[in-house]
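Just below is one structure, and these are the notes that go with it.
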């Protein structure tokens, strides 16, 4: 999994080990949360945030996809193939770290979660869909007419 930068979660490890135990004829293996924590300690596994260059998809995977895409695309009309990209912007966020004077006490604070998300989408024929913006309204109206 690490070779192709696939993110691995605790529940994924539990599911795989349960299947392995079942196929191996091991009776009574639960793969509990406690077992998972001990497994991670025993093998030096910790949770980290993946970012930057270490999170990129390997070039070989991209090249293989580009080679296979024309075969997959034959099943669809040109106007039915879309590409979408979205991103979020935290517009009131403060930095996680700060320069402080030696001896200053830590002040507990919460990072702002005010953000909006933009999604852009276009078809392979050039048709552009209206951009979608998601934000948190001051007065939510989700159930106004229900």
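Numbering (the UniProt record's numbering), first residue to last: 1 to 146.
The C-beta atom is built at its ideal place from N, Cα and C for all residues, glycine as well.
- Within its own chain, the residues whose Cβ lies closer than 6 Å to the Cβ of residue 120, once the five positions on either side in sequence are excluded, are 85, 131, listed in chain order.
- For residue 88, the three-state secondary structure derived from DSSP is strand.
- Annotated as distal: residue 78 and residue 117, with beta-carbon spacing of 7 Å or more.
- Going by C-alpha positions, residue 88 is about 27 Å away from residue 66.
- For residue 36, same chain residues with a beta-carbon under 8 Å away, outside a window of 5 residues either side, are 10, 13, 14 in chain order.
- Around residue 135, the same chain offers 116 as residues with beta carbons nearer than 7 Å, after the five sequence neighbours per side are excluded.
- When the beta-carbon positions are compared, residue 17 and residue 31 come within less than 7 Å of each other.
- Shown here, residue 135 sits in a strand according to DSSP, grouped into three states.
- The continuous beta strand (DSSP E) containing residue 117 extends over residues 115-123.
- In this structure, the CA atom of residue 114 is about 14 Å from the CA atom of residue 133.
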